[in-house]
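Going by the numbering used here, the first residue of the sequence shown is number 14, and it counts up by one from there. Just so it is clear, CB atoms sit at the ideal spot from N, CA and C, and this is done for glycine as well. Taking it in order: structure first as structure tokens, then the write-up.
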Amino acid sequence: MYDMEITIRIDKRSKQAKVFYEYLKTLPFVELEEHRYNKDTEKAIKEAKSGKTTKISLEDFRKELYS
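Next up, the structure:
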């Protein structure tokens with residue numbers, strides 16, 4: 014037997030999409046992965062939570078940003 018996997022992207026802004034998504038969650042053979050942010054943002058959040066970031070004032074950040 015073949016091990017098959019598919020990816021479905023659902024725009025959950027409509028009522029029908031929300032109902033369909035809830036239905037998929039009830040199926041025993043469906044595994045759902047939700048990503049809140051893109052990969053770079055997820056990485057930045059993890060770094061911030063683990064303390065791998067440095068504190069900077071808003072003023073210094075703006076200077077660095079606009080220089």
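Leaving aside the five residues before and after residue i along the sequence, list all residues of the same chain whose C-beta is less than 8 Å from its C-beta, in chain order.
| i | result |
| --- | --- |
| Q29 | none |
| F33 | I23 |
| I58 | Y50 |
Residues in the same chain with beta-carbon distance under 7 Å from residue i, minus the five sequence neighbours each way, listed in chain order, please.
| i | result |
| --- | --- |
| S27 | none |
Would you mind stating whether residue i and residue j have Cβ atoms separated by less than 8 Å?
| i | j | result |
| --- | --- | --- |
| K31 | K25 | yes |
Below 8 Å on the Cβ atoms is my contact criterion, and I expect residue i with residue j to pass it. Report the Cβ-Cβ distance as a whole number of Å.
| i | j | result |
| --- | --- | --- |
| T54 | E60 | Contact flag wrong, Cβ pair sits at about 11 Å. |
Do you know whose CA, among the options, lies nearest residue i's CA?
| i | options | result |
| --- | --- | --- |
| E44 | T20, F74, R75 | T20 |
Is any heavy atom of the ligand COA found at a distance shorter than 7 Å from the C-beta of residue i?
| i | result |
| --- | --- |
| S63 | What this structure holds is no ligand at all, so the ligand COA is not there to describe. |
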